[in-house]
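>
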Amino acid sequence: MKKTRADAYTARVEARPAVFIDRDGTLTDEVGYVNHTSRLRLLPRSAEAIRRLNRAGVAAVVVTNQAGVARGYFSEIVLHAVNAELVAQLERAGARLDGVYVCPHHPSEGALPYRMLCDCRKPKPGLLLRAADELGLDLTRSVMVGDKPSDLEVAPKVGARSVLVLTGYGLGEWEHRRDQFAVTPHHVASDLLDAVDWALKASIA
C-alpha cells in the first residue's frame, strides 16, 4: 500500500528520542580490547542510567567501534558473545537496551572484509542512522554519550547533542586534549547516569 503524506507525518510524530551510548569506557569499564566475556564489567551506575531511560520511554542504544575484529584480536563470535553478556548483565539488573550496533571495521588494518572505509565507524554516522531507521528514532531529539572525541563528533552529523563522560578515557581527554576537540560537548558528565539525567532534563524530556 502506498504511504500517504499523513502516514509520513504520523511516523515523524511517533519517532522517539534516544540516548546513544558508547560501550567501553562509558557503559562498561575500559579494559582495552574485550576478548572474553569475563572482561566485561558494567560501570557502577550504568544499570540505573539505563533503567531511567527505560522508565522515561527513551531508547537506550549502544553504538560501538570494535576494530579488534578487523585487527584479528577476536572474532565476531567473541564480539557477539560479549555483547550478549552485556545485555544479560543489564537485564539481571532490571535494565533493557533497545539495540546494540557495532562497527567491526578498520580503514587500514586487518584483512577483507573488515579492512575497509565504512560509513559506520564513529565519527561516521552510519550506526546512528541505521538505528534510527530500524527503531524509529528522532535523531534531532537524541543525545550521543561517550568518553572520546570520536563519540562527540558523530552527534552534529545527525543533528543530535553530545555529552562527554569522565569515565574511561574521558577525564584525560577533557583535561589534557580538549583544546584539540573538533566538537565541544554540550555537557560534561561524571558518568553515564549524570549524562542521562542531563539528557532527560535539558534535551529530550
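Position in the sequence shown (first residue = 1) + 4 = our numbering. We put the beta carbon where it would ideally sit given N, CA and C, even for glycine.
Which class does T41 belong to by DSSP, given the choice of helix, strand or coil?
In the structure shown, T41 sits in a helix (DSSP, three-state: H, G or I).
> Starting from A97, follow the beta strand (DSSP E) in both directions and report where the run begins and ends.
Counting along the chain, A97 falls outside any beta strand (DSSP E), and DSSP gives it neither H nor E.
> Which class does V86 belong to by DSSP, given the choice of helix, strand or coil?
V86 falls in the helix class under three-state DSSP.
> Count the other CB atoms, across all protein chains shown, that sit within 10 Å of the CB of V106; report buried if there are 16 or more and exposed otherwise.
Per the 10 Å Cβ criterion, buried.
> Considering only the beta carbon of each residue, do L31 and L57 sit closer than 8 angstroms?
Their beta carbons are not under 8 angstroms apart, which means L31 does not touch L57 by this criterion.
> By the 10 Å Cβ neighbour count, where 16 or more other Cβ atoms means buried, how is D155 classified, buried or exposed?
Per the 10 Å Cβ criterion, buried.
> Please classify G98 as buried or exposed, where buried requires at least 16 other C-beta atoms within 10 Å of its C-beta.
Flag for G98 reads exposed.
> Would you kindly check if the distance between the Cβ of G140 and the Cβ of R20 is under 8 angstroms?
Result yes, Cβ atoms of R20 and G140 sit closer than 8 angstroms.
> Taking the beta carbon of H109 as the centre, do at least 16 other beta carbons fall within 10 Å, making it buried, or is it exposed?
Buried, by the Cβ-count rule.
> As an exercise, report each continuous alpha helix (DSSP H) stretch of at least 4 residues that is fully enclosed by the segment 98-176, in chain order.
You should have 130-139 and 153-158.
> Secondary structure at L57, three-state DSSP: helix, strand or coil?
Residue state, collapsed to three classes: helix.
> Less than 8 angstroms between C-beta atoms, sequence neighbours within five positions excluded: which residues of the same chain meet that for E89?
Excluding positions up to five away in sequence, the list reads T41 and L44.
> Measure from the alpha carbon of L116 to the alpha carbon of each residue in R75, L83 and A136, then state which is nearest.
The shortest C-alpha separation from L116 is found at R75.
> Can you check DSSP and say which residues form a bridge with A22?
A22 is bridged to A63.
> Which residue from G103, L121 and V104 puts its Cα closest to that of P111?
Of the listed residues, the one whose Cα sits closest to P111 is L121.
> By a C-beta neighbour count over all protein chains shown, 10 Å radius and 16 as the cutoff for buried, is T171 buried or exposed?
Buried: at least 16 other Cβ atoms inside 10 Å.
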